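Note sheet for the following structure.
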Amino acid sequence: MKHRIIVLGAGYTGAIAAGRLAKRLRSEDVAITLVNAEPDFVERVRMHQLAVGQDLAPRPFSEMFAGTGVELKLAEVTAVDVDRRTVAVTDANGAEELEYDSLVYALGSSWNTQGVPGTTEHAHEIAGRPGALRLRERLAGLGAGQPVLVVGGGLTGLEAVAEIAEARPDLDVAVAARGELGDWLSPKGRGHVRKVFEKLGITVHEHTAVTGVEADRVATAGGTSVPAAVTVWTTGFAVHPIARATALEVTGTGQIVVDGTMRSVSHPDVYAIGDAAMAMGPGDKPLRMSCASGTPAAWHAADAIAARLTGTKLPTAGIRYFNQCISLGRREGLIQYVTADDRSVGAALTGRFAAVYKELVCKGAAWGVANPTLGMPTRRRRVARQHDRTGPGARASA
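Heads up, the sequence shown is in our numbering, so the first residue is 26 and it goes up one at a time.
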């Protein structure tokens with residue numbers, strides 16, 4: 026019988042893992058199923074572009090995985106039973122239960138309202154395509170001079186506010202940051218962000234904690250309010266809630282605790298990658314939720330699964346950071362160089378060249394999904410042994 030591998034979620038990490046497994050293992054030995062609710066790959070790092078009216082090239086999975094042996098199942102994941110090794114899904118034909126021998130959990134994350142009153146009812150998010158499209162429609166309906174406020178001064182917030190201000194210079198665009206604008210960046214990086222924001226006419230509210238969102242304004246901890254015909258919420262991400270409802274060991278935030286090969290510390294037949302995983306990086310610091318973390322984590326997980334199934338050497342290379350790539354509209358950018366554990370250093374690349382660099386990174390990330398071994402020649406190995414599947418409660422060693 027074939028070893029059944031199910032990958033949940035086809036974002037950057039899930040799609041890479043599925044494709045890489047197909048490159049590492051022989052199709053006669055394994056059955057790889059990729060479960061995703063949408064038929065196209067979504068470039069999440071470009072959602073701020075989609076929100077301001079830019080059109081993104083469609084990337085259908087039917088073309089991406091043609092001839093690879095990966096079976097795409099268009100369905101929504103509703104539950105995971107890690108003791109019975111089953112996944113409950115719902116598709117156009119109704120509810121179904123899938124059995125697995127190895128599971129790759131890559132359901133990712135969505136926006137995090139932080140429990141702030143009114144956020145769900147009145148704010149917009151760009152953590153996924155549906156939210157970005159709703160914001161796109163709302164922005165298109167705004168008249169000149171209307172106020173738009175982006176809440177959150179992290180990477181997503183900086184990119185979103187710059188993109189909106191550049192695309193709609195007729196709007197009154199502002200950003201609210203809990204601390205100093207770009208406080209994690211180097212002095213050169215912070216200075217460049219301020220210079221670009223001044224050029225784009227962006228109003229900056231620093232040391233401003235938003236405590237409530239209304240239809241036309243937000244309230245702050247300082248007792249003041251900031252006008253906002255549209256509020257865009259970018260204060261971090263919350264992981265998909267399904268893992269928390271399982272027997273998997275998870276953190277307080279619902280992330281699955283994994284070892285250095287992205288394998289669950291409580292259930293060895295489950296791997297978690299991307300935003301869904303709590304993995305430790307250099308300096309014994311948790312990897313941040315990002316494509317920069319998720320892509321190498323997907324490589325590691327796929328290679329570890331393949332190694333354990335084929336009896337070959339486990340991957341040993343760690344995950345480290347090199348830079349943070351920030352687009353500031355289509356003509357400006359910032360490449361902040363960092364240490365291995367993601368701390369900013371003095372060096373930074375700015376301006377038009379940085380914008381081109383970031384665009385190449387985005388294109389490279391999408392190319393890497395369709396080319397999960399980065400164009401390098403690979404050898405599909407035979408599974409060394411078939412794992413016991415005497416019943417739904419049996420656990421595979423992979």
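Glycine included, each C-beta is placed from N, C-alpha and C at the ideal position. Fair warning: this is a prediction, and the values are worked out from it, not measured in the lab.
Original post:
For P155, which of A76, R203, Y125 and T228 has the nearest alpha-carbon?
Top reply: A76
Original post:
Among G92, A117, L50 and V283, which has the Cα closest to the Cα of A62?
Top reply: A117
Original post:
Is it the case that the Cβ atoms of A373 and K213 are separated by a distance below 9 Å?
Top reply: yes
Subject >> Continuous alpha helix (DSSP H) stretch holding Q74: start and end >> reply: M72 to A76
Original post:
Over what stretch of residues does the alpha helix (DSSP H) that includes F262 continue unbroken?
Top reply: Per DSSP, F262 belongs to no alpha helix (DSSP H); it is in the beta strand (DSSP E), F262 to V264.
Original post:
Along the chain, where does the alpha helix (DSSP H) that runs through L46 open and close?
Top reply: Y37 to R49
Original post:
Looking at V129 and A270, is the spacing between their C-beta atoms short of 9 Å?
Top reply: no
**OP:** Just confirm the distance between the C-beta atoms of V60 and K98, as a whole number of angstroms; I'd bet it's less than 8 Å.
**Re:** 5 Å
Subject >> D328 in three-state terms, based on DSSP >> reply: helix
Original post:
Is the stretch 395-404 touching the stretch 237-250 in the sense that three or more CB pairs, one from each, lie closer than 8 Å?
Top reply: no
Original post:
Considering only residues of the same chain and omitting the five flanking positions on each side of A421, which have a CB-CB separation below 7 Å?
Top reply: Its pLDDT being 42, under 50, A421 is placed unreliably in this model, and the coordinates cannot settle the point.
Original post:
Exposed or buried, which one is T259 when buried takes at least 16 other CB atoms within 10 Å?
Top reply: buried
Original post:
What's the C-alpha gap between V198 and A131?
Top reply: 35 Å
Subject >> Three-state secondary structure (DSSP) of H149 >> reply: strand
Subject >> Cβ-based burial, T364 [other Cβ within 10 Å; buried from 16] >> reply: exposed
Original post:
Taking the Cβ atom as the reference point for each residue, do D208 and A169 lie within a distance shorter than 9 Å?
Top reply: no
**OP:** Count the CB pairs spanning the stretch 65-74 and the stretch 105-122 that are closer than 8 Å, and state whether there are at least three.
**Re:** no
**OP:** Use the C-beta contact count for D367: other C-beta atoms within 10 angstroms, 16 or more gives buried, fewer gives exposed.
**Re:** buried
Original post:
Between the Cα of G376 and the Cα atoms of G354, T233, L334 and A40, which residue gives the shortest distance?
Top reply: G354
**OP:** To the nearest angstrom, report how far apart G78 and A192 are at their CA atoms.
**Re:** 8 Å
Original post:
Using a C-beta cutoff of 9 Å, does I189 count as contacting chain B?
Top reply: The chain inventory of the structure shown lacks chain B, comprising one protein chain alone.
Original post:
What do you reckon, are the CB atoms on R45 and D284 nearer than 9 Å?
Top reply: no
Original post:
How long is the line joining the alpha carbons of K27 and E53, rounded to whole angstroms?
Top reply: 7 Å
**OP:** Could you tell me which of Y296, G343, E357 and W324 sits nearest to K310, measuring between CA atoms?
**Re:** G343
**OP:** Run through the stretch 225-309 for me and flag every whole beta strand (DSSP E) of 3 or more residues, listed as ranges in chain order.
**Re:** 228-230, 235-238, 242-245, 250-252, 255-258, 262-264 and 295-297
**OP:** Ignore the nearest five residues each way along the sequence and tell me which others in G336's own chain have a CB closer than 6 Å to its CB.
**Re:** A409
Original post:
In this structure, what does DSSP give as the bridge partners for G119?
Top reply: D116
Subject >> DSSP-derived helix/strand/coil call for I189 >> reply: helix
Subject >> Separation of E150 from T93, as counted between CA atoms >> reply: 34 Å
Original post:
Would a C-beta distance cut-off of 9 Å place A152 and V175 closer than the cut-off?
Top reply: no
Subject >> Between the CA atoms of A380 and A322 - distance to the nearest angstrom >> reply: 26 Å
Subject >> Whole-angstrom distance between T245 and H232, CA atom to CA atom >> reply: 10 Å
Original post:
Any idea what DSSP makes of G371, helix, strand or coil?
Top reply: strand
Subject >> Simplified DSSP state of A342, which is helix, strand or coil >> reply: coil
**OP:** Just the C-alpha distance for L164 and V255, rounded to the nearest angstrom, thanks.
**Re:** 8 Å
Original post:
When burial is assigned at 16 or more other CB atoms within 10 Å of the CB, is W392 buried or exposed?
Top reply: exposed
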